[in-house]
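Q:
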Amino acid sequence: MKTLTEKILSRASGREVSPGDVVEVGVDLVAFHDLTGYHVIEVMERVGVKKVFRPEGVVIAFDHLVPPPDVRSAEIQQTIRRFARELKLPNFHDVGYGILHQVLVESYVMPGQVVVVADSHASTSGALGAFAQGMGASDVAAAAITGRAWLTVPQPFKVVLEGRPRQWITGKEVSLEILRVFKADYFVGMSIEAFVEEPKAFPMDYRITVANMGVEMNADALMFVPDEETSKYLKEMRGVSLSKFERPDSGAKYVDEYSIELDNVDFLVAAPSSVDNVKSARELSGVEVDVVFIGSCTGGRLSDLEVAAKVMKGKRVRSRCIVVPASWRTFKRALELGYVQTLVEAGCVVTYGTCGPCIGGHFGVLGPGEVAVSTSNRNFIGRMGSPQSKVYLSGPAVAAATAVLGRIAEPGEVP
Amino acid sequence: MIVEGRVIKLGDKIDTDVIIPAKHLKSTDPQYLAQHVFEPIDPEFYKKAQGAIIVAGKVFGMGSSREQAAIAIKAAGVRAVVAESFARIFYRNAINNGLPAIACPGITSEVKDGDLIMVNVETGEVMVGGKVLRGKGVSGMALEILKAGGLIEYLKRLQQGSRG
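Chains as they are written, first to last, in the numbering used here: chain A, 75 to 489; chain B, -6 to 157.
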């Protein structure tokens, strides 16, 4: 009777593991982006080994410094481009492809894999039922060289999603609901295994967002137990047919269990400056907002753009609004479906495939005293720019309604 | 491995954006990073950090995987971080950069700013005044990495070992 965590890590370590064990595992994929990638390469150079365990096992996508905002950023990308060329890495994606985590889910990760990424939002790949962990540059360099990593087997915790969410409630609200209930420190040392009772009611886009936010819950990993929705996604995105995958045994032992009734999940917002400072959008409806950001590895997927376009259709934004689809594929699909046109006509600035203002690097950095609503993942002090700015985190419907009304609002308030 | 130092006390949920903001991540130079450590909450932090031990609350180092967070704290002269609990990635980054990190539940209620404390890194014991608190020591491979001065030195030795 094993959980998904135990099954994956037993396979990857070649022995039967239990929670708390420190094990060495073989990794299936190692990934990094521009802002951590140059550091990974630097560590490899300092160790004196310039090789990777398997060229196809390394995925690189530029996203943090896209397009490069300054000379140093351009240099960083040049270093990584050279590295990818020298080592003949086939899975290298330059500017204009997509945010690494989105790219991993769209094109690479398979259920049951072990994935190590030089970025904390590695947890995103758990949407497909992979065990994915973010690590620092040194750990990732070691994993890239050897194809192995050491880790502690987490305590599995079961979350059950019941029923179906109300209109315009997405994976983001469900993540915030988990953070509202458990706060950001509860899941330290645990892996969350999420079971969806009605697979169709909680599609892959929503799962990707919840898995992405797993790191904000400080879970060691967050995995959705693969089901027919997982197969459907792999078929549609990659033409891969996969009907059997690793699932937990029924009767597997969890440290604890929690059920969420999806139809009770409200429009939620994380107020400054902590992801678990969660309030209902209604409580915050007086807050005036300068900038709205709809994008990132958390909130820049097709379903986010669909919601935003529906809320903004025929309206003009009152707050400045920046929209960044997470990848080229997402952007192209949003173009075909008319979402981009709607958003541009509403007055949004639209680009794609960059982390943009989420880390306060460029493309909409906040000034002192400015207030933002963002579909991204962190509202820490100074995260999106000035330490005197404020960030509220929301799902796409609240973000879009806020952009139209210039203050925090629910979509129902848009006339 | 025993470290001793004056306490600089911080709160719960200290995140990596506060430890070292993203705008400094295009460098890995320890001296540069040290000057910007904790910049958003205390731009002068590095001036008082030499020889100190940081004592913090829950999930210290939560947030991003940026290894510069651990590099900056270490380079500023901090001898160890003792916290109620750590974010997983920060803990690894600390060990990988030779910065002792001890999870010690209860530490924040026993220690105040400026106290002199002594930490046994291997046993996890923290000596405060006459009291001994029991934290989680560093053991196994993590201890070997820490003793080597970090993962890079540890990997270099492995390479030399395999060549020799």
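All C-beta atoms in this analysis are idealised placements derived from N, C-alpha and C, irrespective of residue type, glycine included.
State yes or no: is the beta carbon of Val114 (chain B) nearer than 7 Å to at least one beta carbon in chain A?
A: So, not an interface residue.
Q: Taking CB distances under 7 Å as the criterion, tell me whether Pro461 (chain A) reaches chain B.
A: With 7 Å as the cut-off, Pro461 (chain A) counts as an interface residue toward chain B.
Q: Per DSSP, Phe367 (chain A) is paired with what?
A: Answer is A:Ile396 and A:Ser448, bridged to Phe367 (chain A).
Q: Identify the residues that DSSP records as bridge partners of Thr226 (chain A): which are they?
A: In DSSP, Thr226 (chain A) forms a bridge with A:Val96.
Q: Checking contacts by CB at 7 Å: is Gly157 (chain B) closer than that to chain A?
A: At Gly157 (chain B), the pLDDT of 48 sits below 50, so the modelled position is not reliable and the matter cannot be decided from this model.
Q: So with CB distances below 7 Å, who are the chain A contacts of Glu60 (chain B)?
A: Under the 7 Å cutoff, chain A gives His113, Gly210, Ala211 and Ser212.
Q: For the stretch 9 to 23 of chain B, enumerate the residues whose C-beta is nearer than 9 Å to any C-beta of chain A, in chain order.
A: For the stretch 9 to 23 of chain B, which is checked against every Cβ of chain A, the residues closer than 9 Å are Thr9, Asp10, Val11, Pro14, Ala15, Lys16, Leu18, Lys19, Ser20 and Thr21.
Q: Quick one, are the C-beta atoms of Ser460 (chain A) and Cys432 (chain A) less than 7 Å apart?
A: No.
Q: Give me whichever residues DSSP pairs with Glu267 (chain A) in a beta bridge.
A: Answer is A:Lys232 and A:Met297, bridged to Glu267 (chain A).
Q: Kindly indicate which residue of A:Lys406, A:Ala211, A:Glu251 and A:Val439 has the alpha-carbon position closest to the one of Val465 (chain A).
A: Nearest C-alpha to Val465 (chain A): A:Val439.
Q: Tell me which residues share the same chain as Thr116 (chain B) and place their Cβ nearer than 7 Å to its Cβ, disregarding the 5 neighbours each side in the sequence.
A: Counting only Cβ-Cβ distances below 7 Å, and skipping sequence neighbours, we find Gly130.
Q: Taking the Cβ atom as the reference point for each residue, do Val132 (chain A) and Ala218 (chain A) lie within a distance shorter than 7 Å?
A: Yes; because the gap between Cβ atoms is below 7 Å, this pair is in contact.
Q: Give the secondary structure of Arg(-1) (chain B) by DSSP, where H, G and I count as helix, E and B as strand, and everything else as coil.
A: Strand at Arg(-1) (chain B).
Q: How far does the beta strand (DSSP E) with Met134 (chain B) in it extend, from its first residue to its last?
A: No beta strand (DSSP E) contains Met134 (chain B), which is instead part of the alpha helix (DSSP H) from Gly133 to Ala141.
Q: Can the beta-carbon of Ala473 (chain A) be found less than 7 Å from the beta-carbon of Ile368 (chain A)?
A: Against a cut-off of 7 Å, the Cβ pair of Ile368 (chain A) and Ala473 (chain A) comes out as a contact.
Q: Using beta-carbon positions only, say whether Gly208 (chain A) and Val191 (chain A) come within less than 7 Å of one another.
A: Going by C-beta atoms, Gly208 (chain A) is nearer than 7 Å to Val191 (chain A).
Q: Can you have a look at Gly142 (chain B) and say buried or exposed, based on whether 16 or more other CB atoms are within 10 angstroms of its CB?
A: So Gly142 (chain B) ends up on the exposed side.
Q: Alpha carbons only, please: which of B:Arg(-1), B:Ile7 and B:Pro36 is nearest the one belonging to Ala63 (chain B)?
A: Nearest of B:Arg(-1), B:Ile7 and B:Pro36 to Ala63 (chain B), Cα basis: B:Ile7.
Q: Hey, out of A:Leu235, A:Glu130, A:Phe261 and A:Val339, whose CA is closest to Thr289 (chain A)'s CA?
A: The residue you asked about is not Thr; residue 289 (chain A) is Val in the sequence shown. Closest by alpha carbon: A:Phe261.
Q: Is the CB of Ser102 (chain B) under 7 Å away from at least one CB in chain A?
A: No, Ser102 (chain B) does not count as interfacial toward chain A.
Q: Could you check the C-alpha separation between Ile88 (chain B) and Asp323 (chain A) for me, to the nearest Å?
A: Computed Cα separation, rounded: 35 Å.
Q: Run through the stretch 179 to 212 of chain A for me and flag every whole alpha helix (DSSP H) of 4 or more residues, listed as ranges in chain order.
A: Entirely contained in the stretch 179 to 212 of chain A, not one alpha helix (DSSP H) run reaches 4 residues.
Q: Can you tell me the Cβ-Cβ gap for Ala382 (chain A) and Leu417 (chain A), rounded? I've got them flagged as a contact below 8 Å.
A: Between Leu417 (chain A) and Ala382 (chain A) the Cβ distance is about 6 Å, and since that is below 8 Å, they are a contact.
Q: If I'm right that Ala258 (chain A) touches Asp350 (chain A) with Cβ under 8 Å, what's the distance once you round it to whole angstroms?
A: Confirmed, Cβ separation roughly 4 Å.
Q: How would you list, in chain order, the residues of chain B whose beta-carbon sits under 8 Å from the beta-carbon of Ala192 (chain A)?
A: Chain B residues near Ala192 (chain A): Ser58.
Q: Taking 7 Å as the threshold (C-beta atoms), are Val71 (chain B) and Ala96 (chain B) in contact?
A: Cβ distance not < 7 Å, so Ala96 (chain B) and Val71 (chain B) don't count as in contact.
Q: Starting from Met111 (chain B) and walking both ways along the beta strand (DSSP E), at which residues does that stretch end?
A: Segment Leu109 to Asn113, the beta strand (DSSP E) holding Met111 (chain B).
Q: Could one say the Cβ of Phe454 (chain A) lies closer than 7 Å to chain B's Cβ atoms, at least one of them?
A: Yes, because at least one Cβ of chain B sits closer than 7 Å to the Cβ of Phe454 (chain A).
Q: Give the DSSP-derived three-state secondary structure of Asp8 (chain B) in the structure shown.
A: Here Asp8 (chain B) sits in strand by DSSP.
Q: Label Val26 (chain A) either buried or exposed according to how many other C-beta atoms from any shown protein chain fall within 10 Å of its C-beta, with 16 as the threshold for buried.
A: Only positions 75 to 489 of chain A appear in the structure, and residue 26 (chain A) is not among them; the question remains open.
Q: Apply the 10 Å Cβ neighbour rule to Asn292 (chain A) and answer buried if 16 or more other Cβ atoms are within range, or exposed otherwise.
A: So Asn292 (chain A) ends up on the buried side.
Q: Is any beta-carbon of chain A found at less than 7 Å from that of Asn86 (chain B)?
A: For Asn86 (chain B), the answer is yes, since a Cβ of chain A falls inside 7 Å of its Cβ.
Q: Pick helix, strand or coil for Tyr332 (chain A), following the three-state DSSP scheme.
A: Here Tyr332 (chain A) sits in strand by DSSP.
Q: Pairs of beta-carbons, one from the stretch 263 to 282 of chain A and one from the stretch 233 to 249 of chain A, closer than 8 Å: are there three or more?
A: The answer is yes - the stretch 233 to 249 of chain A touches the stretch 263 to 282 of chain A, with three or more Cβ pairs under 8 Å.
Q: Residues in its own chain within less than 8 Å of Arg392 (chain A) by CB, not counting five upstream and five downstream?
A: Result list for Arg392 (chain A): Ala477, Val478, Leu479 and Gly480, in chain order.
Q: Look up His29 (chain B) in the DSSP assignment and give the residues it is bridged to.
A: Bridge partners of His29 (chain B): none, in fact.
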